[in-house]
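Enquirer:
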Amino acid sequence: MVTEPPRAGGGSGTSPPSLASQAGEVFAAYVDGRHEAIGELVELLTPLLWQVARAHGCAQHAAEDVVQETWLRLVDHLEDIRDPRAVLGWLVVAVKRESWRNCKLARRNTYDETGTVDPGDVEDGPETLAILTERQGALWAAVGELPERCRALLRVVAFVDRPDYDQVSAALGMPRGSIGPTRGRCLDKLRRALVADPRWVDA
Amino acid sequence: MTGTETWLEPFDGTDATILRELREVVARLDPCPADLTERISFALTVQALQAEVAELTSQPELVSRGFADDPAEATTVTFSTESVSIMVTVTPEGRDRARLDGWLTCGAASVGLDLDGGGTRTVEADEDGRFVLSDLPRGGARLTVHPPGGRPVITPQFTL
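Chains A and B are the protein sequences, given in the same order.
If you count the first sequence from 1, position 55 lands on 55 in the UniProt record's numbering, and the numbers rise without skipping.
If you count the second sequence from 1, position 42 lands on 42 in the UniProt record's numbering, and the numbers rise without skipping.
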């Protein structure tokens, strides 16, 4: 049983265990010989790892390959992970590195003349924006104005829970405290852009 | 600008709301492909067993459409590797069950059928390579064949 750090600002009694501790429990069971636990871990963390690969410049197909390769490497490197709760961070680091290796180069050669077009970014075409509310559109546009490191941090952090922020920031190469317990610079920039945007405030 | 260091303020409910809404937006614009976890689990199984992956060599309809045309009809499909071919005939059993008749070119072997809904059924193929599994739930499944002394062979998913 893992004790959770208290969640500030939540206020609604029992919160679910953090992703890192859930993943740690399942991973520990796998290492102890419960083979099917690896499938549960894949279900639990793949949606997050997909975002990590996409936030680091991988086009869709490349992101699938990067995430799959990382899982195959994990089961060959079990001994690298001494604390099961670190498995989340290990996977995020591995996907980020693999994305840099496989996707950044392709991106530089193919797309990145101006540094503004990113195959890991979502097309902001009319169809894309049509599925968003005005408020969501304002949020997405504001995220697009952030520096690349901030975009990656917030996009990935949005898929984990507060107790996981430190582990995920560190895995993304951001300083500890980049987000939580203070707001941090990236989220602060985004928030300031939003409070100045009537589409966000009035919705 | 404001002159105050707002980034040093405590992470509050508004911050949590922004991130929750960002998650919703990203999940809508760029969701993880629905079948990615299944493909990864398959790749992990193949790696763990050091298995050969058999390729579908006939009747691709079974894999993609199941019994869309005629639910009463048996369907046969063949998977192959260099060392073994696996022929599988699926017949509906009553309203919602299925029976699988299999034949392996490698003769006697242990056979496992992994069901999509969870669980594995196992059976021994006889020395002619024949095996039967009945009263199976409908849905996706895949076979793993363990020929004596050889590498396991695993099939792609097909529909019962």
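For every residue, glycine included, the Cβ atom is placed at its ideal position computed from N, Cα and C.
Nearest to residue 99 of chain A by CA position, among A:56, A:127, A:18, is which residue?
Expert: Stepping through the first sequence from its first residue, residue 99 of chain A is reached at position 99. Closest option to residue 99 of chain A, Cα to Cα, is A:56.
Enquirer: Between residue 105 of chain B and the rest of its own chain, which residues show a CB-CB distance below 7 Å, the 5 nearest in sequence each way excluded?
Expert: As a working mapping, residue 105 of chain B is identified with position 105 in the second sequence. Taken in chain order, the residues that qualify are 84, 85, 129.
Enquirer: Take residue 204 of chain A and list the residues in its own chain whose beta-carbon comes closer than 8 Å to its own, dropping the five residues that flank it on each side.
Expert: A question about residue 204 of chain A goes unanswered here, because the residues of chain A that appear run from 1 up to 203.
Enquirer: How long is the line joining the alpha carbons of residue 18 of chain B and residue 191 of chain A, rounded to whole angstroms?
Expert: Mapped onto the second sequence, residue 18 of chain B falls at position 18. Mapped onto the first sequence, residue 191 of chain A falls at position 191. Each residue's Cα considered, the two are about 8 Å apart.
Enquirer: Could you name the residues of the same chain whose beta carbon sits closer than 7 Å to that of residue 46 of chain B, not counting the 5 residues immediately before and after it, in chain order?
Expert: Taking the second sequence and counting its residues from 1, one reaches residue 46 of chain B at position 46. For residue 46 of chain B, where only same-chain residues beyond five positions count, the Cβ hits under 7 Å are 53, 154.
Enquirer: Kindly indicate which residue of A:92, A:104, A:144, A:22 has the alpha-carbon position closest to the one of residue 40 of chain A.
Expert: Locating residue 40 of chain A in the first sequence gives position 40, counting from the first residue. Looking at the Cα atoms, A:22 is the closest of the given residues.
Enquirer: Per DSSP, what kind of secondary structure is residue 13 of chain A in: helix, strand or coil?
Expert: Taking the first sequence and counting its residues from 1, one reaches residue 13 of chain A at position 13. Here residue 13 of chain A scores only 46 on pLDDT, less than 50, and its place in the model should not be relied on; the value that follows carries that caveat. Residue state, collapsed to three classes: coil.
Enquirer: Whose CA, out of A:182, A:162, A:52, lies closest to the CA of residue 66 of chain A?
Expert: One-based indexing of the first sequence puts residue 66 of chain A at position 66. Among A:182, A:162, A:52, the Cα nearest to that of residue 66 of chain A is on A:52.
Enquirer: Mind checking residue 54 of chain A: buried by the 16 CB within 10 Å criterion, or exposed?
Expert: Position 54 of the first sequence, counting from 1, holds the residue named residue 54 of chain A. Flag for residue 54 of chain A reads buried.
Enquirer: Chain A beta carbons: is any one of them nearer than 8 Å to that of residue 21 of chain B?
Expert: For this step, residue 21 of chain B is matched to residue 21 along the second sequence. With 8 Å as the cut-off, residue 21 of chain B counts as an interface residue toward chain A.
Enquirer: How would you list, in chain order, the residues of chain A whose beta-carbon sits under 7 Å from the beta-carbon of residue 8 of chain B?
Expert: Stepping through the second sequence from its first residue, residue 8 of chain B is reached at position 8. Per Cβ cutoff of 7 Å: 182.
Enquirer: Name the chain A residues that come within less than 7 Å of residue 41 of chain B, Cβ to Cβ?
Expert: Here residue 41 of chain B is taken as the residue at index 41 of the second sequence, counted from 1. Neighbours of residue 41 of chain B on chain A, chain order: 39, 42.
Enquirer: Do you know how far the Cα of residue 20 of chain B is from the Cα of residue 162 of chain A?
Expert: Here residue 162 of chain A corresponds to residue number 162 of the first sequence, with the count starting at 1. Here residue 20 of chain B corresponds to residue number 20 of the second sequence, with the count starting at 1. Cα-Cα distance, rounded: 11 Å.
Enquirer: Which residues in the same chain as residue 58 of chain B place their Cβ atom closer than 7 Å to its Cβ, once the five residues preceding and following it in sequence are excluded?
Expert: Position 58 of the second sequence holds residue 58 of chain B. Within the same chain, residue 58 of chain B has close Cβ partners 77, 78.
Enquirer: Among the residues of its own chain, which have a CB less than 7 Å from the CB of residue 167 of chain A, if the five just before and after it don't count?
Expert: As a first step, residue 167 of chain A is located in the first sequence; it is residue number 167 there, counting from the start. Counting only Cβ-Cβ distances below 7 Å, and skipping sequence neighbours, we find 20, 88, 89.
Enquirer: So, with DSSP's three-state summary, where would you put residue 196 of chain A?
Expert: Taking the first sequence and counting its residues from 1, the one referred to as residue 196 of chain A is at position 196. Of the three classes helix, strand and coil, the one that applies to residue 196 of chain A here is coil, per DSSP.
Enquirer: For a contact defined as C-beta to C-beta under 7 Å, what are the partners of residue 47 of chain A on chain B?
Expert: For the purposes of this step, residue 47 of chain A is taken as residue 47 along the first sequence, with counting starting at 1. The answer, in chain order, is 32.
Enquirer: Assuming residue 15 of chain B contacts residue 183 of chain A under a Cβ cut-off of 8 Å, what Cβ separation, rounded to an integer in Å, is found between them?
Expert: Taking the second sequence and counting its residues from 1, one reaches residue 15 of chain B at position 15. Taking the first sequence and counting its residues from 1, one reaches residue 183 of chain A at position 183. With a contact defined as Cβ atoms closer than 8 Å, residue 15 of chain B and residue 183 of chain A qualify at about 6 Å.
Enquirer: Closest by CA to residue 171 of chain A, which one among A:94, A:160, A:181?
Expert: On the first sequence, position 171 is the one that residue 171 of chain A refers to. Closest option to residue 171 of chain A, Cα to Cα, is A:94.
Enquirer: With a cut-off of 8 Å on the beta carbons, I'd call residue 74 of chain B and residue 113 of chain B a contact; round off their distance for me.
Expert: If you number the second sequence from 1, residue 74 of chain B lands on position 74. If you number the second sequence from 1, residue 113 of chain B lands on position 113. No, residue 74 of chain B and residue 113 of chain B are not in contact; Cβ-Cβ is about 17 Å, not under 8 Å.
Enquirer: Between residue 51 of chain B and residue 144 of chain B, is the Cβ-Cβ spacing less than 8 Å?
Expert: The residue you call residue 51 of chain B lines up with position 51 of the second sequence. The residue you call residue 144 of chain B lines up with position 144 of the second sequence. Cβ atoms of residue 51 of chain B and residue 144 of chain B: closer than 8 Å.
Enquirer: Grab me the residues of residue 103 of chain B's own chain with a C-beta within less than 6 Å of its C-beta, minus the 5 sequence neighbours each way, in chain order.
Expert: Taking the first residue of the second sequence as position 1, residue 103 of chain B is located at position 103. The answer, listed in chain order, is 87, 129, 130.
Enquirer: Any idea what DSSP makes of residue 83 of chain A, helix, strand or coil?
Expert: As a working mapping, residue 83 of chain A is identified with position 83 in the first sequence. Coil.
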